[in-house]
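Numbering-wise, the sequence shown is residues 1 to 506 according to full-length UniProt numbering. Here the structure is laid out as structure tokens; the discussion comes afterwards.
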Amino acid sequence: MPKPFPFSLAIATDICSVSRIRELLARKNGNSLIRRVLRPEEILENKARCDDALEKWRKVANMKELHAWKREKGSVVVEKTKGISDEVVARHLQRMIEQDTPEAEKSLAKVATFMAGRFAAKEAIIKAHEGRLTFHDIIIRRPPDDALGSKAPLAIVLPQSGKEEDGQVVKISISHDTDFATAVCLAPTGADIAAAPAPSVRYYQSSSLATRHLKVGTPGGMLPSVNDALKRTLDAYARAIQIVKVHYGSHRENAVLIEDFPPEISTEQLNSLFQSRPINVHIQNPKEDSGMSRWAIAIFKTEYEAHVAASTFQANEGHQYRRGHIGPCTHLKSSSCFVQRSLVETNLEERYQDAVDIIGPGRLTRYHTVEVISSTFQPPNSCERLRYVMFHLKSQANGFCQIAGKRGPDWVCGYVLFHSKQEALDAIARYDNTPIDSPWGLLQCRLRILADQMPSTGSQTKSSEDGEVKSQHEEVQSDNIRIAECVPDSGVELNSPPQVGDERIV
């Protein structure tokens with residue numbers, strides 16, 4: 001009988017087509033692949049490499065769609081007062097497309113190469129592991145001391161608790177050769193590595209109507225897989241926004257947050273690292289036993305100065321001095337603060353009653369709801385514009401999504417329901433305060449997430465004969481409008497431009 005292998009090791013390999021990954025990323029819901037493969041902390045760590053680069057491609061793709069739609073319309077005048085025809089707009093779009101396409105193609109290729117390597121690596125780890133694993137049971141990070149990017153990534157199989165510090169490190173090697181990415185994993189066998197109990201991501205993607213009433217995520221707050229470092233970062237965002245509101249009025253747009261820098265750096269040294277000098281700097285020194293790092297807020301004269309300061313901070317001459325000592329610098333108006341901003345600024349008591357009246361308390365407590373509100377969607381076509389924006393949000397959903405809306409005297413608002421809080425937050429990250437190309441030009445609105453559990457608002461509810469919970473606020477029902485209702489495999493085409501025209505609200 002042959003002797004058994006003398007070491008408790010398992011080896012596995014996997015190969016992934018870069019061109020196939022590129023095709024998936026190029027779709028409208030391309031970021032769903034990133035969410036499927038990467039954990040939230042991995043997405044945050046590689047935001048510039050993935051989301052920001054992929055956004056360049058989406059911008060060009062949206063311009064191409066709008067260009068094709070304008071050419072089909074011919075020479076219909078869109079703005080009679082200015083005399084701008086669709087033909088003129090189409091020519092302008094054509095020039096922009098030709099100018100931005102090369103860089104967008106390059107960005108998409110880089111994202112595809114990176115994601116193909118991560119996909120192959122995690123598949124190899126799954127093959128080498130004895131138990132059942134999903135992509136979100138594995139985290140792959142760049143080594144903290146690898147400034148040049150020459151070392152192999154650090155791969156960790158997370159235990160049942162989900163704590164990274166209790167995970168099992170496995171060895172991986174990733175290689176890229178033209179159109180393919182390959183990965184090899186060397187992992188221990190028989191180790192006490194328990195996979196996280198969360199259902200597989202593939203299960204949610206393959207499920208259809210059976211998942212309509214399944215709630216994903218943890219109730220009442222933070223994302224289920226966010227590590228302690230990210231929680232501390234979001235807490236810093238919350239405190240920074242609160243300080244700006246209390247001490248500096250409503251000038252959050254003029255403020256930047258500087259995270260994690262040592263006490264030996266003085267206020268004057270911090271000021272010298274910015275391109276323009278801030279008018280005020282607030283430094284927060286946490287207690288020694290709090291586990292928090294030192295952080296600061298810098299207030300500038302204008303929003304533009306704050307944006308430039310945050311953008312050029314890493315490229316400043318003091319970069320070498322700061323390497324490894326000062327954390328990131330974030331403009332408090334930017335999308336980097338979207339999670340905490342949406343959680344901090346939402347006045348639940350004020351907004352919940354409208355949500356109850358429009359979508360009902362049963363669904364409000366069963367799903368994760370994103371509120372879309374804007375005072376810029378003026379008649380005519382205000383509801384069409386709201387629908388257009390909400391269909392873009394619906395594209396972030398991985399399954400069931402319901403859309404409903406309402407129009408007030410000087411605003412319109414709508415609600416998009418998601419199964420997963422991660423999907424809701426991804427939708428906010430992509431579209432909050434972000435211009436969206438539409439048949440009416442660029443549309444922009446604010447998005448807010450409503451908490452999982454409804455607060456005590458004092459509203460009375462009753463159950464219907466079929467068990468559905470309904471609101472008794474019938475006097476508000478006459479002002480409501482159901483924009484659309486979408487279920488999986490419904491065959492509804494959401495990508496086609498809506499017909500110009502307004503829906504009358506009775």
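Backbone N, C-alpha and C fix where the C-beta goes; we use that ideal spot for every residue, glycine too. This one's a predicted model, so the numbers in the text were calculated from it and none came from an experiment.
Margin query: Quick check on Arg277: buried or exposed, where buried means 16 or more other Cβ atoms within 10 Å of its Cβ?
Written below: exposed
Notebook entry, point to check: Is Ile258 closer than 8 angstroms to Met115 when the C-beta atoms are compared?
Noted result: no
Check: Apart from the five residues on each side of it in sequence, which residues of its chain come closer than 6 angstroms, Cβ to Cβ, to Lys127?
Finding: Ala12
Item checked: Straight-line Cα distance separating Thr182 from Lys171 -> 14 angstroms
Next item on the list: Measure from the alpha carbon of Ala53 to the alpha carbon of each residue in Gln160, Leu447, Arg387, Leu108, then state which is nearest.
Entry: Leu108
Item checked: Candidates Cys383, Lys151, Ile15: closest to Pro143 by CA position -> Lys151
Next item on the list: Determine, using beta-carbon pairs with one atom in the segment 123-139 and one in the segment 155-173, whether at least three such pairs fall under 8 angstroms.
Entry: yes
Notebook entry, point to check: When you compare each of Cys16, Arg27, Asn62 to Leu442 by their alpha carbons, which one comes out closest?
Noted result: Asn62
Checklist line | 8 angstroms contact criterion, which Ala310 and His331 should meet: CB distance rounded | finding: 4 angstroms
Note to self: Could you tell me the alpha carbon to alpha carbon distance between Arg91 and Ala48, rounded to whole angstroms?
What the structure shows: 31 angstroms
Checklist line | Contacting residues, own chain, Cβ-Cβ under 7 angstroms from Thr302 (five flanking each side not counted) | finding: Asn254
Note to self: Which same chain residues end up closer than 7 angstroms to Glu130 when comparing Cβ atoms and leaving out the 5 residues on each side of it in sequence?
What the structure shows: Thr189
Item checked: Sequence-distant residues of its chain with Cβ nearer than 7 angstroms to Met96 (five each side left out) -> Met63
Note to self: If I measure Cβ to Cβ from Asp179 and keep anything under 6 angstroms in the same chain, skipping five residues before and after, which residues do I get?
What the structure shows: Val18, Ser19
Next item on the list: Could you tell me whether any non-hydrogen atom of the ligand ADP is closer than 7 angstroms to the CB of Arg387?
Entry: The ligand content of the structure shown is nil, which means the ligand ADP is not present either.
Check: Taking the DSSP output, what are the residues bridged to Lys171?
Finding: Leu186
Next item on the list: Since I believe Leu38 is in contact with Arg118 (beta carbons under 8 angstroms), could you give me their beta-carbon distance rounded to a whole number of angstroms?
Entry: 7 angstroms
Item checked: 8 angstroms contact criterion, which Ala424 and His368 should meet: CB distance rounded -> 4 angstroms
Next item on the list: Could you name the residues of the same chain whose beta carbon sits closer than 7 angstroms to that of Ile34, not counting the 5 residues immediately before and after it, in chain order?
Entry: Ile43, Cys50, Met115
Next item on the list: Quick one: give me the first and last residue of the alpha helix (DSSP H) that Gln269 is part of.
Entry: 267-272
Next item on the list: Identify, in the order they occur along the chain, each residue of the same chain with its Cβ nearer than 7 angstroms to the Cβ of Ser438, setting aside the five sequence neighbours on each side.
Entry: Arg385, Tyr388
Next item on the list: Out of Pro263, Met390, Glu41, Lys163, state which residue places its alpha-carbon closest to the alpha-carbon of Glu141.
Entry: The amino acid occupying residue 141 in the given sequence is Arg; Glu does not appear at that position. That would be Glu41, whose Cα lies nearest to the Cα of Arg141.
Note to self: Looking only at its chain, what residues have a beta carbon closer than 7 angstroms to the beta carbon of Asn271, apart from the 5 residues adjacent to it on each side?
What the structure shows: Arg277, Pro278, Val281
Margin query: Assuming contact is defined by CB atoms lying nearer than 8 angstroms, are Asp426 and Leu447 in contact in what I supplied?
Written below: no
Check: By Cβ distance, which residues of its chain are closer than 6 angstroms to Thr101, with the 5 residues on each side in sequence left out?
Finding: Val60
Next item on the list: Kindly list the residues whose CB is nearer than 6 angstroms to the CB of Cys16, restricted to its own chain and excluding five residues on each side of it in sequence; keep chain order.
Entry: Ala116, Phe119, Ala120, Ala181
Checklist line | Proximity of Leu186 and Ala112 at Cβ, strictly below 8 angstroms | finding: no
Notebook entry, point to check: Is the distance from the Cβ of Ala306 to the Cβ of Val372 below 8 angstroms?
Noted result: no
Checklist line | Whole-angstrom distance between Gln284 and Gln269, CA atom to CA atom | finding: 16 angstroms
Check: With DSSP run on the structure shown, which of helix, strand or coil describes Leu257?
Finding: strand
Checklist line | Nearest-angstrom Cα separation, counted from Asp14 out to Leu133 | finding: 15 angstroms
Note to self: Using a Cβ-Cβ cutoff of less than 6 angstroms, which residues in the same chain neighbour Pro2 once the five nearest sequence positions on both sides are dropped?
What the structure shows: none
Note to self: Suppose you measure from the CA of Gln444 to the CA of Ile436; what does that come to, to the nearest Å?
What the structure shows: 6 angstroms
Note to self: Is the beta carbon of Val370 closer than 8 angstroms to that of Pro416?
What the structure shows: Position check: residue 416 holds Val in this sequence, whereas Pro was assumed. Their beta carbons are under 8 angstroms apart, which means Val416 touches Val370 by this criterion.
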